[in-house]
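Below is one structure, written out as structure tokens; the observations come after it.
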Amino acid sequence: MAIVALVIAGAVIAGVFLTSQGRGPLASDEKRIELAIRDFYETLDTRGFRAAAEQACAHERAAFEAMTESEKSEFDNTSISVTIDRIDDIVVTGDTATAKVTGKLTVAVPGQQPDTESSTTEHLTKEDGKWKVCSAEGTR
1 MAIVALVIAG AVIAGVFLTS QGRGPLASDE KRIELAIRDF YETLDTRGFR AAAEQACAHE
61 RAAFEAMTES EKSEFDNTSI SVTIDRIDDI VVTGDTATAK VTGKLTVAVP GQQPDTESST
121 TEHLTKEDGK WKVCSAEGTR
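Following full-length UniProt numbering, the numbering of the sequence shown begins with 1 at its first residue and continues without gaps.
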């Protein structure tokens, strides 16, 4: 009986932890949106545009796939640095959402001065039950 109680307690603790991280079945849309944005930007920061494009919405994936290899190579040569301080002002409207991302995003294209932003509004769309970062056009 003690083992059953431990298993149940462990499952409850795991469920609470995953839900608070935006990963469990009971996580709110707001938590899932925050997680989608953080995962997208972490991928962009550590693995680059190609990998981040794979995590974006279908509209953005198709746009990236339609690029020539030369255009994709330009993205590969671009340096990205991302630090997210906070994500707030999340507004969900059906299967689309917006969220304000505050932090530091620096994009450095070879031969040009780096461009740094401190905040942006991200647009997201829900595809197959998962929130995906998307352009404003892709959420229409």
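All C-beta atoms, glycine included, are put in the ideal place defined by N, C-alpha and C. These numbers come from a predicted model, not from an experiment.
Could you please give me the residues that DSSP links to Ala-63 through a beta bridge?
Counted from its first residue, the sequence shown places residue 63 at position 63. Note: Ala-63 sits in no beta bridge, so no partner.
Looking at the structure shown, is Ser-135 part of a helix, part of a strand, or coil, going by DSSP?
Within the sequence shown, residue 135 is the residue found at index 135, counting from 1. It is coil, neither helix nor strand.
Could you tell me which residues DSSP pairs with Leu-26 in its beta bridges?
For this step, residue 26 is matched to residue 26 along the sequence shown. DSSP, once it has assigned bridges, lists no residue as partnering Leu-26.
Mind listing, in chain order, the continuous alpha helix (DSSP H) runs of no fewer than 4 residues lying wholly within the segment 26-56?
Listed in chain order, the alpha helix (DSSP H) runs fully inside the segment 26-56 are 29-47 and 49-55, counting runs of at least 4 residues.
Please state the DSSP three-state secondary structure of Asp-115.
Translated into positions along the sequence shown, residue 115 becomes position 115. Under the three-state reduction of DSSP output, Asp-115 falls in the strand class.
Cβ atoms of Asp-89 and Lys-100: under 7 Å apart, would you say?
Start at 1 with the first residue of the sequence shown, and residue 100 comes out as number 100. Start at 1 with the first residue of the sequence shown, and residue 89 comes out as number 89. Their beta carbons are under 7 Å apart, which means Lys-100 touches Asp-89 by this criterion.
Using the beta-carbon count (16 or more within 10 Å), is Ala-53 buried or exposed?
Along the sequence shown, one-based indexing puts residue 53 at 53. Within a 10 Å sphere around the beta-carbon of Ala-53 sit 16 or more other beta-carbons, which makes this residue buried.
Roughly how many angstroms lie between the CA atoms of Leu-124 and Ser-118, to the nearest whole one?
As a position in the sequence shown, residue 124 is number 124, starting the count at 1. As a position in the sequence shown, residue 118 is number 118, starting the count at 1. Linking Leu-124 to Ser-118 through their CA atoms gives a straight-line distance of about 19 Å.
So if DSSP puts Val-92 in a beta bridge, which residue, or which two residues, is it bridged to?
Within the sequence shown, the letter at position 92 stands for residue 92. Paired residues: Ala-97.
I need the straight-line Cα distance from Lys-72 to Ala-66, nearest angstrom please.
Sequence index remark: in the sequence shown, residue 72 carries index 72 (1-based). Sequence index remark: in the sequence shown, residue 66 carries index 66 (1-based). Each residue's alpha carbon lies about 10 Å from the other.
Please report the straight-line C-alpha distance between Ile-84 and Thr-68, rounded to a whole angstrom.
Taking the sequence shown and counting its residues from 1, the one referred to as residue 84 is at position 84. Taking the sequence shown and counting its residues from 1, the one referred to as residue 68 is at position 68. Per the coordinates, the alpha-carbon of Ile-84 lies some 31 Å from the alpha-carbon of Thr-68.
Can you tell me which of the three DSSP states Asp-76 falls into?
Translated into positions along the sequence shown, residue 76 becomes position 76. In the three-state scheme derived from DSSP, where H, G and I count as helix and E and B as strand, Asp-76 is classed as helix.
So Phe-40 and Val-133 are in contact, right, with Cβ under 8 Å, and what is the actual spacing, rounded?
Here residue 40 refers to the residue found at position 40 of the sequence shown. Here residue 133 refers to the residue found at position 133 of the sequence shown. Contact flag correct, Cβ pair sits at about 4 Å.
Outcome for Gln-21 when other beta-carbon atoms lying within 10 angstroms are tallied against a minimum of 16
For the purposes of this step, residue 21 is identified with residue 21 of the sequence shown, where counting begins at 1. In this prediction, Gln-21 scores a pLDDT of 46, lower than 50, which makes its location untrustworthy; no coordinate-derived value is stated.
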